[in-house]
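Under numbering that gives the first Met the number 0, the first residue of the sequence shown is numbered 0, with each subsequent residue one higher.
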Amino acid sequence: MIEAMDATSEPDTGHAVVTARRSGRRWVLESDDYPDLYCELPSLANARAIVMEAIAYIVGHPAPEATVSIRPVQPLSATVSKAGRHWEVWIPGIGARQSIRRRVDAEFEARRCIAEHLNTAASRVDVDMHYSGSASTACPTPGKAAYSSRLEAKIALASTQRSRASRREESRAYRCPCGRWHLTSHPKAGTKTG
Ligand SMILES: [Zn+2]
């Protein structure tokens, strides 16, 4: 049993844990609980229904829906984009779309949604988050002071250049992939100057 070491595994009684792993553009579903089970699916949208049908065929009677958990071995991707006053989380792997109020809730919501869809624990779900729009990706230099506009960064730059106390000689502001502005002492880098 793959899950034998795991304290949080589901109760043993009739519970089938089905792992889903990527193979090219498809998902391959297998289970230690049902060695005869093998499904190849383009997405996990209807995976539980299909797996339950397959189990029913193997054991000769339908399995209760609640007893089948599907666990993706690789992360599913989720795309977050602005939709009017809300944010939309699109999870193509399970064909689900969720509307949320705050962008910061996107990852939690994606995880919750996938977990519910696959009847597995949210803590087991891995998500690759993709944010579209201005504030796109995680900041590669989270330790640096961040400014929300070029102007703010330029003002901060001017004040560090006036200050003799600053150890670093910041020479320019640049736009970070995180969507905000930072200062750097490097005269030129891969990023555009402000
Ligand atoms: Zn940044």
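The beta carbon of each residue, even a glycine, is placed where N, CA and C say it ideally should be.
Where does residue i fall in DSSP's three states?
i       : result
Lys-187 : coil
Tyr-37  : strand
Ser-122 : helix
Pro-91  : helix
Arg-101 : coil
Thr-78  : strand
Thr-18  : strand
Asp-32  : coil
Grab the span of the beta strand (DSSP E) containing residue i for me, first residue to last.
i       : result
Gln-160 : Careful: Gln-160 lies outside any beta strand (DSSP E), inside the alpha helix (DSSP H) at 149 to 161.
Tyr-173 : 171 to 174
Leu-43  : That residue, Leu-43, is in no beta strand (DSSP E); it is neither H nor E in DSSP.
Asn-27  : In the sequence as presented, Asn is not what sits at residue 27; that position holds Val. Where Val-27 is concerned, the enclosing beta strand (DSSP E) stretches over 25 to 29.
Arg-70  : 67 to 71
Just checking residue i against ligand 1 - is the residue's beta carbon closer than 8 angstroms to any of the ligand's heavy atoms?
i       : result
His-185 : no
Arg-179 : yes
Pro-71  : no
Ala-172 : no
Lys-143 : yes
Thr-274 : In the structure as shown, the chain starts at 0 and stops at 193, and residue 274 therefore has no counterpart that could be examined.
Cys-138 : yes
Cys-175 : yes
Here's a check: name, in chain order, each residue in its chain whose Cβ is nearer than 7 angstroms to the Cβ of residue i, leaving out the five neighbours to either side.
i       : result
Arg-100 : His-85
Trp-95  : A small correction: the amino acid at residue 95 is Ala; Trp does not occupy that position in the sequence shown. Closer than 7 angstroms at the Cβ level, and outside the excluded window around Ala-95, lie Cys-112 and His-116.
Ala-143 : Sequence check: residue 143 is Lys here, not Ala. Contacts found: His-181.
Thr-119 : Ser-68, Ile-69 and Arg-70
Ser-133 : At Ser-133 the pLDDT is 46, less than 50, meaning the model places this residue with poor confidence and gives no usable figure here.
For the putative contact between residue i and residue j, defined by C-beta atoms under 8 angstroms, what is the C-beta separation to the nearest angstrom?
i       : j       : result
Ser-147 : Arg-123 : About 36 angstroms separates the two Cβ atoms, so there is no contact after all.
Glu-169 : Leu-150 : Actually they do not touch by this definition, with Cβ atoms about 16 angstroms apart.
Leu-40  : Val-17  : Incorrect: roughly 11 angstroms between the Cβ atoms, too far for contact.
Tyr-200 : Ala-15  : The structure shown does not extend to residue 200, since the chain is modelled only from 0 through 193, so no value can be given for it.
Ser-76  : Glu-87  : Not confirmed; about 14 angstroms, so no contact.
Ala-55  : Ala-44  : Incorrect: roughly 19 angstroms between the Cβ atoms, too far for contact.
Which stretch, first to last residue, makes up the alpha helix (DSSP H) that contains residue i?
i       : result
Ala-105 : 105 to 117
Ile-49  : 46 to 58
Please list, in chain order, all residues of the same chain as residue i whose beta carbon is under 6 angstroms from its beta carbon, the five residues on each side excluded.
i       : result
Ser-184 : Arg-167, Glu-168, Glu-169 and Ser-170
Asp-125 : Pro-74
Val-72  : Thr-18 and Arg-20
Arg-102 : Trp-86
Gln-97  : Val-88, Glu-108 and Cys-112
Less than 8 angstroms between C-beta atoms, sequence neighbours within five positions excluded: which residues of the same chain meet that for residue i?
i       : result
Ala-105 : Ala-77, Val-79, Trp-86, Val-88, Ile-99, Met-128 and Tyr-130
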